[in-house]
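In what follows, a structure is listed as structure tokens, so that the remarks can point back to it.
Chains as they are written, first to last, in my numbering: chain V, 1 to 161; chain W, 162 to 242.
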């Protein structure tokens with residue numbers, strides 16, 4: 001375990017920052033259709049939040065939160081959402097990803113299009129974040145070389161010290 | 162387009178690229194490449210291509226650097242050539 005991983009400042013800040021990074025990633029994904037951003041960038045940011053956690057708290061602890069099986073399930077789920085949305089348009093007589101053809105709201109094809117674009121962005125985001133996390137776990141040093149981290153250090157012990 | 166800003170950042174890009182391929186210490190090369198990506202992202206945004214700049218900042222300066230450093234942890238960290 002390196003000195004940076006031991007530092008209580010880094011550990012506490014990472015624990016506080018991770019939810020906010022994830023929230024920003026969700027914001028980027030949902031605003032992909034109307035402005036800068038999108039499924040890919042949001043997925044990368046979401047993956048970066050969990051990579052940050054795994055970097056500071058150790059690969060073993062990161063894999064505990066994000067096991068390989070969950071990675072595989074999420075990566076294929078996102079792809080299924082994307083392909084499913086495209087095939088849904090084919091099913092209703094349009095071209096692949098021709099959102100307006102889906103009769104979700106009969107009198108407003110533009111609204112349906114906006115909704116389905118968001119669904120596609122969510123699918124891309126799920127796949128990209130899962131693949132980014134598994135890429136990091138694949139290239140990072142194996143768990144056996146890493147020393148076992150102590151259990152979650154409560155902040156109160158540092159206040160007293 | 163502010164041309165003097167453009168020229169300055171292009172100059173930094175060239176310097177960063179040459180430094181990244183000539184330096185022997187691979188960790189320094191990765192950090193310089195990260196800085197290169199950040200300047201590239203600013204150039205994209207300055208050229209009104211916000212989406213590409215966003216991707217460059219998150220992928221180029223963020224994830225790629227992390228993956229390179231994680232890979233360096235398993236190697237010697239110095240270039241032979």
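Beta carbons: idealized from backbone N, C-alpha and C, even for Gly.
DSSP puts residue i in a beta bridge; with which residues?
i, result
"residue 239(W)", "186(W)"
Would residue i and residue j be called neighbours here (beta carbons separated by less than 8 Å)?
i, j, result
"residue 162(V)", "residue 231(W)", "Residue 162(V) cannot be examined here, being either before or after the span of chain V that is shown, 1 to 161."
"residue 99(V)", "residue 117(V)", "yes"
"residue 233(W)", "residue 218(W)", "no"
"residue 39(V)", "residue 26(V)", "no"
"residue 228(W)", "residue 139(V)", "yes"
"residue 81(V)", "residue 14(V)", "no"
"residue 203(W)", "residue 177(W)", "no"
"residue 132(V)", "residue 44(V)", "yes"
So, is residue i buried or exposed, given that buried needs 16 or more other C-beta atoms within 10 angstroms?
i, result
"residue 69(V)", "exposed"
"residue 237(W)", "exposed"
"residue 175(W)", "exposed"
"residue 7(V)", "exposed"
"residue 60(V)", "exposed"
"residue 12(V)", "exposed"
"residue 179(W)", "exposed"
"residue 214(W)", "buried"
"residue 110(V)", "exposed"
"residue 241(W)", "exposed"
"residue 166(W)", "exposed"
"residue 66(V)", "buried"
Which class does residue i belong to by DSSP, given the choice of helix, strand or coil?
i, result
"residue 212(W)", "helix"
"residue 159(V)", "Summary for residue 159(V): the model assigns pLDDT 48, below 50, so the residue's position carries little reliability; its value from the coordinates is reported in the next sentence. In this structure, residue 159(V) counts as helix in the three-state DSSP scheme."
"residue 19(V)", "helix"
"residue 163(W)", "coil"
"residue 41(V)", "helix"
"residue 203(W)", "helix"
"residue 36(V)", "coil"
"residue 109(V)", "helix"
"residue 102(V)", "coil"
"residue 198(W)", "helix"
"residue 208(V)", "There is no way to answer for residue 208(V), as the model of chain V reaches only from 1 to 161."
"residue 66(V)", "coil"
"residue 229(W)", "helix"
"residue 95(V)", "coil"
"residue 86(V)", "helix"
"residue 58(V)", "coil"
"residue 234(W)", "coil"
"residue 76(V)", "helix"
"residue 219(W)", "helix"
"residue 7(V)", "coil"
"residue 140(V)", "coil"
Consider the C-beta atom of residue i and the heavy atoms of the ligand FAD; say whether any pair is separated by less than 7 Å.
i, result
"residue 208(W)", "Among the components modelled here there is no ligand, and therefore nothing to report on the ligand FAD."
Taking only beta carbons into account, state which residues of the segment 123-138 of chain V come closer than 7 Å to chain W, listed in chain order. Taking 7 Å as the Cβ-Cβ cut-off against chain W, the residues of the segment 123-138 of chain V that qualify are 132, 135 and 136.
Which of the residues in the segment 38-59 of chain V, read from start to end, lie with their CB under 8 Å from any CB of chain W? Within the segment 38-59 of chain V, the residues whose Cβ lies closer than 8 Å to some Cβ of chain W are 38, 40, 41, 44, 45, 47, 48, 51 and 55, listed in chain order.
Using a Cβ-Cβ cutoff of 7 Å, what residues of the segment 212-228 of chain W are near chain V? List them in chain order. Listed by position along the chain: 212, 215, 216, 219, 220, 223, 224, 227 and 228.
Below 9 Å between beta carbons is the criterion; list the residues of the segment 14-31 of chain V that meet it against any residue of chain W, in chain order. Those would be 28, in chain order.
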